[in-house]
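Peer 1: Okay, so the sequence shown: first residue is 1413 according to this note's numbering, each after it adds one. The beta carbon of each residue, even a glycine, is placed where N, CA and C say it ideally should be.
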Amino acid sequence: MSSVTLRHSLILRLVGVSLLLLLMVQLLGFAVVNHSIGSNARLQIARELDTDERVWHRLLEQNAERLRQGSALLAADYGFRSAVSSGDTETIQSALENHGARIGAAATALLDTQQALRAVSLAEGVQQMPGTLAPVAQALATQPQGSVVAVLEGRPYQFVMVPLKAPVVIGWVLMGFPVGQPLADEMRQLLMVDVVVRVAADGALALPVSTLPAAALEPLRQPGSVPAELQTAAGTLLVRSSTLGAVGGEVQVLLLRSVDVVVAPYRQLQFLLATITGGGVLLVALGSGAMARRLTTPLRSLLAATRRLASGDYSVPMEHTARADEIGDLARSFDHMRLDIARQQAKVRDLAYRDRLTGLPNRERFRMVLMQAIDAQHSPPRPLAVLLLDLDRFKHVNDVLGYAFGDRLLQAVAGRLRPHVHAPGDLVARVGGNEFALLLHDTDGPQALEVAQGIARSFEKPLEFDDQTVDLSAGIGIACWPGDAPDADTLLNRAEIAMYAAKRKLSVALLYDPVFDSASAQTLTLLGDLRRAVEQDELRLFLQPKVALHGQPGLAAEALVRWQHPQRGLVPPMEFIPFAEQTGFVRQLTLWIFEAVARLLARDDVRSLGLRVSVNLSTRDLLDPELSTRLEALLARHGVQAGSFCLEITESAIMDDPQRAEAMLNRLSHQGFKLSIDDFGTGYSSLAYLRRLPVQELKIDKSFVMGMQAGEGDAMIVRSTIDLAHNLGLSVVAEGVENAAILERLRMLACDEAQGYHISRPLPVDDFLAWHARQ
């Protein structure tokens, strides 16, 4: 029952959607057609109104021409001219009346040569016109061959004026014709267009001429602009307004045409369209219902098939694939999808255990094979060896040559590793970004080490791609089962530990040794204890003296930190300083040293000595934007001058971010700190930053100082560095002075200060003060 309800619901939805879409399309089409009919009707009427406007102006021109001809005829009459010449007023008046009546003029007048009125004849019903003819005559004087429309007594008149010659001009004949109802009726008869003349004069609005019923004229009697459309009882009229230049007021001729007359023939077509739409909706309803019923049966079959696919069963073919219609196409598409999904699942399973770049098994596949190899062992067990290989400088290759080149390099490495796997079951895999692993059966530690040496020899030949040559090297760690680990995960972990140990010791390959693992654990423990060491005052301040080689006044030393661990005793700096730099904890160590030195310098017995202490700044310290602020607060808290400190910065710390480093050094210099470049000669040794940075001292690296006795090369470097520094106005400190001969040679080379074990080892504070007292 439920399936029947669902099926019927689907049918209703299909039919309903089909009918809704059909109705929407038909309504949209009806709206578009209706809009098009209205637009086209208005365009057609606009074109007709253009013609009507031209005809109207043509009729005015014809009237003007008839008036000019009548005026010219009167002006050419010999008797009239004689009467004008002799001043016979009665004859003039009679001629004006007779001629004006003959052509139907509303006004006929004689003007003298100055356009002053001499005589006038008015048609019946026209009153008080003579006093208003002067402006008309003045307007016509500027265009004697044209006509002028004038508003006189609230009605529009068309006037013309011709000269009276005998043979010179002895006057002017002025004739006016009303722009009245006959002209509008003529337009109505000729063109089926309604005409309304709208006159505005002396603040009054009048419609003296109209072919419309009086009720339709009411909107036009309102002051303001003329509406574009006029709604009347007979329908909608489009209005075209044509303004005539008039004397004494404003005259607008309104031409009106009915929209409904033009649209009427299309309404029958719209009714026919509505009838067709109703029939189409009925047919679609019936057809959609029948089609929907025909679709539900195969859809139920396809629904059952999709449920099988969802459960992972791809073995059952789809039904209805033999049909030649769309249902058959859908069934065949589903069947193709079934087969494609089956292939995709197989491909996914392959990708889950295979590296796409190199084609080698991935880490998960390697681990699975390793676990199976261990589980398959019988007594006595046969050894297994895991070699883990990590390429050197691979990140540099990606950064310089690009990731595409790095991918080709990894593929080439995979090709060089495959020949080193021979026995059945052995495996080469890519287990990480630039890490590879080898599983060797029946192989112990020495044999695995030989394989690793063979891999290293195969890497001796550089790789060449697109004129780029890359030297390959790697660190290889080896762990063997069952001696090094009881299970696969531990074996992989210990091979990785051996690999990192090989990279640290710069060895090609190393077998796993438990010492590597304990050292790593010890390092992690030390890092965990370092923060506690600061909080519980386990750090100690040591000072290594600096001596002036030419009797300069003052006492100087370099501040060093030592860690007195409660269980491990005195921890060497190299065991915790590098890790502090990596984790960022070196900032806390730097602040601890500054605090300890500031407390020392604030002591009364030390303040009188004029002691200047050098403190090392790491890269993280130099790039800390709050460093100068923290140091300033520390100096203020202990009442110590910044000039009592010399800040030593390595070249590499400056070059990591030169702009930020330079900005911080400038702030420290302005605070009064002395600045020194430490380990000069081992980094970039750029003269550009020596000239630009606010440093006052160079510290020559001990590798050059200690090598002065072994060869002249290092001695030349030391001599050149001293000369360069002095030429730049800098003082020079040499570290690593191990014997008196080196000290004496530095004095001869004009070095300013020296430090080293020959002078004194780093001393605790009290021992340093005692050493100074002895000196």
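1. What's the call for P1625, buried or exposed, on a 16-neighbour Cβ count within 10 Å?
2. Grab me the residues of L1431's own chain with a C-beta within less than 8 angstroms of its C-beta, minus the 5 sequence neighbours each way, in chain order.
3. Do the segment 1895 to 1911 and the segment 1795 to 1815 touch if we need at least three Cβ pairs shorter than 8 angstroms?
4. Hey, quick one: how far does the alpha helix (DSSP H) through E2060 stretch, first residue to last?
5. Kindly indicate which residue of P2106, P2070, A2073 and S1559 has the alpha-carbon position closest to the one of L2087.
6. With a threshold of 7 angstroms on Cβ separation, who are the neighbours of S1497 within its own chain once the five nearest residues in sequence on each side are excluded?
7. Would you tell me roughly how many angstroms separate the C-alpha atoms of A2185 and I2171, rounded to the nearest one?
8. Rounded to the nearest angstrom, what separates I2061 and V2027 at their Cα positions?
9. In the DSSP assignment, find the beta strand (DSSP E) that holds L1751 and state where it starts and stops.
10. Three-state secondary structure (DSSP) at K1958?
11. For I1890, report the span of its beta strand (DSSP E) as first-last.
12. For R1820 and P1858, I'd like the C-alpha separation in whole angstroms.
13. Please report the distance separating the alpha-carbon of L1523 from that of W1468.
14. Could you check how far apart the C-beta atoms of R1610 and Q1664 are, in whole angstroms? I think they sit under 8 angstroms.
15. Please specify which runs of the beta strand (DSSP E), each continuous and at least 3 residues long, are wholly inside the segment 1516 to 1572, giving them in chain order.
16. So if DSSP puts P1978 in a beta bridge, which residue, or which two residues, is it bridged to?
17. Just verifying my parser: in three-state terms, what is the DSSP assignment at A2162?
18. Please classify H1853: does DSSP put it in a helix, a strand, or coil?
19. Taking only runs that begin and end inside the segment 1653 to 1731, name each unbroken alpha helix (DSSP H) of 4 or more residues, in chain order.
20. When the Cβ atoms of the segment 1448 to 1460 are set against those of the segment 1672 to 1684, are three or more pairs found closer than 8 angstroms?
21. Please give the ranges of any alpha helix (DSSP H) in the segment 1994 to 2032, keeping only runs that are unbroken, at least 4 residues long and fully inside the region.
22. Find the nearest neighbour of A1596 within the set Q1948, I1753 and V1608, judged by alpha-carbon distance.
23. Figure out for me which residue from F1848, V1638, T2041 and V1863 has the closest Cα to the Cα of D1854.
24. Would you mind sorting Q1570 into buried or exposed? The rule is 16 or more other CB atoms within 10 Å of its CB.
25. Let me confirm a value: E1947 is counted as buried when at least 16 other C-beta atoms fall within 10 Å, else exposed. Which label applies?
26. Among residues of its own chain, excluding the 5 on either side of I2134, which ones have a beta-carbon nearer than 7 angstroms to its beta-carbon?
27. What do you get for N1846, buried or exposed, if any count of 16 or more other CB atoms within 10 angstroms of its CB means buried?
28. Quick one: grab the DSSP three-state call for S1791.
29. Regarding S1670 and the ligand ADP, is the C-beta to nearest heavy atom distance less than 7 angstroms?
30. Determine the DSSP secondary structure at I2112, reduced to helix, strand or coil.
31. So, at 7 angstroms on beta carbons, what are the nonlocal neighbours of F1877 in its own chain, with the 5 sequence-adjacent residues on each side left out?
32. Rounded to the nearest angstrom, what separates K1958 and L1967 at their Cα positions?
33. Count the other CB atoms within 10 Å of the CB of Y1924; is the residue buried (16 or more) or exposed (fewer)?
34. From what residue to what residue does the beta strand (DSSP E) around G1588 run?
35. Apart from the five residues just before and just after D1464, which ones in its own chain have a Cβ nearer than 8 angstroms to its Cβ?
36. Can you tell which of N1810, E2044 and L1439 has the C-alpha that lies nearest to the C-alpha of L1685?
Peer 2: This is what the structure gives:
1. By the neighbour-count rule (16 or more Cβ atoms within 10 Å), P1625 is not buried but exposed.
2. V1693, V1696, A1697 and S1700.
3. The answer is yes - the segment 1795 to 1815 touches the segment 1895 to 1911, with three or more Cβ pairs under 8 angstroms.
4. DSSP places E2060 in no alpha helix (DSSP H) but in the uninterrupted beta strand (DSSP E) bounded by F2057 to T2062.
5. Nearest option by C-alpha distance: P2106.
6. Cβ neighbours of S1497 within its own chain (closer than 7 angstroms, five residues either side excluded): A1578 and I1582.
7. Between the alpha carbons of A2185 and I2171 lies a distance of about 14 angstroms.
8. I2061 and V2027: Cα-Cα distance of roughly 9 angstroms.
9. Run containing L1751: none in the beta strand (DSSP E); it sits in the alpha helix (DSSP H), E1738 to A1764.
10. When secondary structure is reduced to three states using DSSP, K1958 falls in the strand class.
11. Membership of I1890 in the beta strand (DSSP E) is indicated by the continuous run A1886 to W1893.
12. Between the alpha carbons of R1820 and P1858 lies a distance of about 32 angstroms.
13. Computed Cα separation, rounded: 30 angstroms.
14. R1610 to Q1664, Cβ: 4 angstroms. Contact.
15. Runs found: 1519 to 1523, 1529 to 1534 and 1560 to 1564.
16. DSSP output for P1978 lists no bridge partner at all.
17. The DSSP-derived three-state label of A2162 is coil.
18. The answer is strand: DSSP assigns H1853 an E or B state.
19. The segment 1653 to 1731 contains these whole alpha helix (DSSP H) runs: 1671 to 1722.
20. As far as the Cβ criterion goes, the segment 1448 to 1460 touches the segment 1672 to 1684, which means the pair count is three or higher.
21. Fully enclosed alpha helix (DSSP H) runs of no fewer than 4 residues occupy 1998 to 2014 and 2016 to 2019 of the segment 1994 to 2032, in order along the chain.
22. Nearest C-alpha to A1596 among Q1948, I1753 and V1608: V1608.
23. Distances from the alpha-carbon of D1854 to those of F1848, V1638, T2041 and V1863 put V1863 closest.
24. Burial call: buried.
25. Around the beta carbon of E1947, fewer than 16 other beta carbons sit within 10 angstroms, so the residue counts as exposed.
26. Excluding the 5 residues flanking it on each side, I2134 has same chain C-beta neighbours closer than 7 angstroms at V2144, L2161, A2162 and C2163, in chain order.
27. Buried: at least 16 other Cβ atoms inside 10 Å.
28. Here DSSP, grouped into helix, strand and coil, assigns S1791 to coil.
29. Absent from the structure shown: the ligand ADP. Ligands present: none.
30. I2112: strand per DSSP, three-state reduction.
31. The answer, listed in chain order, is F1817 and R1820.
32. For K1958 and L1967, the gap between their C-alpha atoms comes out near 7 angstroms.
33. So Y1924 ends up on the buried side.
34. Boundaries of the beta strand (DSSP E) harbouring G1588: V1581 to P1590, taken from the DSSP string.
35. The answer, listed in chain order, is M1599, L1603, V1605, R1652, L1667 and R1669.
36. The option with the nearest alpha carbon to L1685 is L1439.
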